[in-house]
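This report concerns only the one structure given below.
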Amino acid sequence: MRIVTYKRIQEFAMKHADAETPLNVWYHTTNAKAWKNLNDIRQTFNSVDYVGNNRYVFNIKGNDYRLVAIISFNAQKVYIRFIGTHAEYDKTNDIKNI
1 MRIVTYKRIQ
11 EFAMKHADAE
21 TPLNVWYHTT
31 NAKAWKNLND
41 IRQTFNSVDY
51 VGNNRYVFNI
61 KGNDYRLVAI
71 ISFNAQKVYI
81 RFIGTHAEYD
91 KTNDIKNI
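According to this note's numbering, the residues represented by the sequence shown are 1 to 98, in order.
So this is what it looks like as structure tokens:
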């Protein structure tokens, strides 16, 4: 999968240093995959949730952080739309359109 954009991970890690290693693990793991559907993702990340509108939520560092991505299986691309704390994620009203 091609991830767009790594810069979001870098920016978030600058504010939350404890998230840097788990985010890099997520990045490198995801980058090495060629997912075709949700079941493929769950074989890699069993806690991933599909929230609609091609958005998938990944738990980062246990459940301290959340990463929301749009995944295009046909294009083999992952678009990072949100990285935040669990509390910030909970305040998001319309995660399907983030």
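All C-beta atoms, glycine included, are put in the ideal place defined by N, C-alpha and C.
Segment limits, beta strand (DSSP E) that includes residue i
| i | result |
| --- | --- |
| Thr-30 | Segment 20 to 31 is the alpha helix (DSSP H) holding Thr-30; no beta strand (DSSP E) there. |
| Lys-77 | 77 to 85 |
| Asp-49 | 49 to 52 |
| Ala-69 | 65 to 72 |
Host alpha helix (DSSP H) of residue i (start-end)
| i | result |
| --- | --- |
| Asn-59 | Unbroken run through Asn-59 is the beta strand (DSSP E), 55 to 60; no alpha helix (DSSP H). |
| Ile-41 | 38 to 44 |
| Ile-9 | 6 to 15 |
Contacts around residue i, its chain only, beta-carbon distance under 8 Å, and the 5 residues preceding and following it disregarded
| i | result |
| --- | --- |
| Ile-60 | Ala-19, Pro-22, Leu-23, Trp-26, Arg-66, Leu-67, Ile-83 |
| Thr-44 | Thr-29, Thr-30, Lys-33, Trp-35 |
| Asp-64 | Asp-18, Ala-19, Thr-85, His-86 |
Contact set for residue i: own chain, Cβ-Cβ below 7 Å, skip 5 residues either direction
| i | result |
| --- | --- |
| Arg-8 | Ile-80, Ile-83 |
| Phe-5 | Per the sequence presented here, residue 5 reads as Thr, with Phe not at that position. Here the set comprises Ile-80. |
Spatial neighbours of residue i in its chain, beta-carbon cut-off 6 Å, leaving aside the 5 residues before and after
| i | result |
| --- | --- |
| Ile-41 | Trp-35, Val-48 |
| Tyr-89 | Arg-66 |
| Asn-53 | Lys-96 |
Nearest-angstrom beta carbon gap, residue j and residue i [assumed within contact, 8 Å]
| i | j | result |
| --- | --- | --- |
| Lys-96 | Met-1 | Contact doesn't hold; Cβ gap of about 21 Å is too wide. |
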